[in-house]
Amino acid sequence: MDLIPAPSSAARRPDEDYPLDAATTLTAPPALADAERWLRATLSAATGLPLGPGRPGAGIELVQDGTLAAEAYRITVRPGHALLAAGGPAGALWGAQTLRQLLGPDAYRRSPLRHEGWVLPGADIEDAPRFGWRGALLDVARHFLPKADVLRFVDLLAAHKLNVLHLHLTDDQGWRVEIKRYPRLTARGSWRDRSMVGYRAGQRRDDRPHGGFYTQDDLREIVAYAAARGITVVPEIDLPGHTQAAVAAYPELGNTDVVDTAALGVWTDWGVSHNVLNASEETLRFFEGVLEEVLELFPSEFVHLGGDECPKEQWKDSAAAQARIRELGLANEDELQSHLIRHFDRWLAERGRRLIGWDEILEGGLAPGAAVSSWRGFGGGIAAAKAGHDVVMCPEQHVYFDHRQADGPDEPIPVGFVRTLEDVYRFEPVPKQLDAAAARHVIGTQANLWSEFMDSARDIDYRAFPRLVAFAEVAWSALPAEPAERDFAGFERRLTTHLKALDALGVEYRPADGPHPW
Ligand code: TNX
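Structure, rendered in structure tokens:
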């Protein structure tokens, strides 16, 4: 049956196949309407079968089973009846994805190649995820990704049972979220003079302007579309560094006693800009205003406030920043950053949300309720988990998919570490240094797609796939904790079938025998 990610258990019953036809029905209780709607729309487009409404006990039937966890499901396929029992709406959506996979690669097309021969193989499947946070980050700040491509990426995440889309919405090089009370953030902050793909890697330098942003309605649509597929969208508003686009739009946010921020544009270089936020009360109020609108758009429990790579030079040189440090009774610039993060940690907690930030937020003292995205290796995540903070493991050495996946000269842009498909398959998110209690704080894992060197959905497909398939199995399935004991050859065999599904979906993954001419 070649299922990916591998389910907890699956037994094939060759004598119990269920051939589908025009009379096959699809039934579900109202609580599982999202899964029912997705399954009917997707499978009827691919097979041409109408899958009209039916009655319990026959056809494809979705039911809720209170004994299962919310994301867990069980599938029993017998002639004339395919029963999908799920703990809750999410479990039903993951089970629905498995039903599509059981029908084979052609079930991933959007128009039928044939109208007959659709067979659900007789089977007993039980399944539940290992981690509750199975994420992918899209960096839509360095290069804007049009809404239609984001929605397509959501479908691809769902197809792999990944359940968190972390949207990196703001950075030095662009501000991508409409904020009604501060229109210049997008009017000025969403465009820059150069697109810069390949700049520094020396391959392609493009002096065309680049930009774009999502309206609030676009984001509401993305959030709802993702939710109907089991995916939570976690927004990131990066601060106090990675903020030159915001400072260019509103110069009073910067360190005006050190640089002429009114003369700044949106940054047209990679790396980290020194033009960071000032830490005044006015700046805190400004970002509270931003976040009020962000909270209205994104119902996620977690809100990501970045906190990474904030150069402190301007704060060292700024009389205003030094006065602020004294006024607050702080020791240094690191503590000033910590003060900002703690402020927003409290602010979010008062509104029933939780702050998550990159592991730099550990420096200068971590806000009490904050969770950490551990990106500079495992160290930050280990320290945070031991201190009782929740952690999402996304070490750059393992799951940065902007990094190249082979060491040949033909790879499109040779940046970062080489991380092959096999490396990703052998990535273990829970470090051995954690005892059982601390390990429970590793709430999940995430693959990050930074977009300095990607300016299209094609580029993202190439970098993300097939590694995201291996990552999905790491995040979902109960693989041996010891990476060497994982059956990579078995995964590769199942992947052969799955790549046909990706072909049917139109995903331009990196072929095993090397890149296409670039
Ligand atoms: C580090 S991960 C960054 C990003 C870059 C990425 C490039 C993190 C918190 N910061 O800003 O895009 O490396 O791989």
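First residue of the sequence shown: 1, per full-length UniProt numbering; consecutive thereafter. For glycine and all other residues, C-beta sits at the position ideal for the given N, C-alpha and C.
Residues near residue i in its chain [Cβ-Cβ closer than 7 angstroms; skip 5 each side]
{"i": "residue 58", "result": "25, 80 and 81"}
{"i": "residue 500", "result": "105"}
{"i": "residue 139", "result": "168, 449, 450 and 451"}
{"i": "residue 284", "result": "343"}
{"i": "residue 157", "result": "136, 165 and 231"}
C-alpha gap between residue i and residue j, whole angstroms
{"i": "residue 45", "j": "residue 99", "result": "15 angstroms"}
{"i": "residue 317", "j": "residue 417", "result": "35 angstroms"}
{"i": "residue 154", "j": "residue 213", "result": "18 angstroms"}
{"i": "residue 352", "j": "residue 300", "result": "10 angstroms"}
{"i": "residue 510", "j": "residue 18", "result": "35 angstroms"}
{"i": "residue 7", "j": "residue 234", "result": "26 angstroms"}
{"i": "residue 130", "j": "residue 179", "result": "37 angstroms"}
{"i": "residue 422", "j": "residue 450", "result": "21 angstroms"}
{"i": "residue 251", "j": "residue 243", "result": "11 angstroms"}
{"i": "residue 514", "j": "residue 420", "result": "12 angstroms"}
{"i": "residue 257", "j": "residue 314", "result": "9 angstroms"}
{"i": "residue 186", "j": "residue 245", "result": "9 angstroms"}
{"i": "residue 480", "j": "residue 273", "result": "42 angstroms"}
{"i": "residue 112", "j": "residue 10", "result": "28 angstroms"}
{"i": "residue 325", "j": "residue 365", "result": "15 angstroms"}
{"i": "residue 240", "j": "residue 23", "result": "59 angstroms"}
{"i": "residue 485", "j": "residue 347", "result": "45 angstroms"}
{"i": "residue 200", "j": "residue 404", "result": "Caution applies to residue 200, whose pLDDT of 48 falls short of 50 and renders its modelled position unreliable; the model cannot decide the point."}
{"i": "residue 512", "j": "residue 190", "result": "37 angstroms"}
{"i": "residue 518", "j": "residue 145", "result": "Residue confidence is low: residue 518 scores 47 on pLDDT, short of 50, so the model does not pin down where it sits. Its coordinate-derived value is still stated next. Cα to Cα, residue 518 sits roughly 20 angstroms from residue 145."}
{"i": "residue 21", "j": "residue 49", "result": "7 angstroms"}
{"i": "residue 435", "j": "residue 447", "result": "24 angstroms"}
{"i": "residue 225", "j": "residue 32", "result": "15 angstroms"}
{"i": "residue 470", "j": "residue 464", "result": "10 angstroms"}
{"i": "residue 455", "j": "residue 122", "result": "44 angstroms"}
{"i": "residue 462", "j": "residue 398", "result": "17 angstroms"}
Residues near residue i in its chain [Cβ-Cβ closer than 6 angstroms; skip 5 each side]
{"i": "residue 528", "result": "Residue 528 lies beyond the range of the chain shown here (1 to 518); nothing can be said about it."}
{"i": "residue 441", "result": "385, 390 and 391"}
{"i": "residue 28", "result": "36 and 62"}
{"i": "residue 90", "result": "70, 71 and 230"}
{"i": "residue 40", "result": "26 and 51"}
{"i": "residue 194", "result": "207 and 268"}
{"i": "residue 395", "result": "377 and 378"}
{"i": "residue 215", "result": "178"}
{"i": "residue 85", "result": "63, 65 and 74"}
{"i": "residue 83", "result": "61 and 76"}
{"i": "residue 382", "result": "431 and 433"}
{"i": "residue 110", "result": "45"}
{"i": "residue 125", "result": "7, 10 and 75"}
For residue j and residue i, believed in contact at Cβ under 8 angstroms, the rounded distance
{"i": "residue 321", "j": "residue 336", "result": "7 angstroms"}
{"i": "residue 116", "j": "residue 77", "result": "With a Cβ gap of about 18 angstroms, residue 116 and residue 77 do not count as contacting."}
{"i": "residue 152", "j": "residue 457", "result": "7 angstroms"}
{"i": "residue 92", "j": "residue 47", "result": "Wrong, their Cβ atoms sit about 20 angstroms apart, outside the cutoff."}
Beta bridge counterpart(s) of residue i as assigned by DSSP
{"i": "residue 448", "result": "137 and 400"}
{"i": "residue 482", "result": "In the DSSP output, where bridge partners are listed per residue, residue 482 has none listed."}
{"i": "residue 358", "result": "373"}
{"i": "residue 9", "result": "126"}
{"i": "residue 382", "result": "Answer is none; residue 382 lacks a bridge partner."}
{"i": "residue 86", "result": "64 and 73"}
{"i": "residue 243", "result": "DSSP, once it has assigned bridges, lists no residue as partnering residue 243."}
Neighbourhood of residue i by C-beta, 8 angstroms cutoff - its chain only, sequence neighbours within 5 removed
{"i": "residue 370", "result": "341, 345, 354, 355, 356, 357, 361 and 389"}
{"i": "residue 474", "result": "424, 425, 427, 428, 429 and 445"}
{"i": "residue 53", "result": "25, 26 and 27"}
{"i": "residue 503", "result": "105"}
Beta carbon of residue i nearer than 8 angstroms to that of residue j
{"i": "residue 467", "j": "residue 2", "result": "no"}
{"i": "residue 95", "j": "residue 68", "result": "no"}
{"i": "residue 311", "j": "residue 266", "result": "no"}
{"i": "residue 363", "j": "residue 407", "result": "no"}
{"i": "residue 302", "j": "residue 253", "result": "no"}
{"i": "residue 553", "j": "residue 38", "result": "Since the first and last residues shown for the chain are 1 and 518, residue 553 lies out of range."}
{"i": "residue 5", "j": "residue 338", "result": "no"}
{"i": "residue 297", "j": "residue 220", "result": "yes"}
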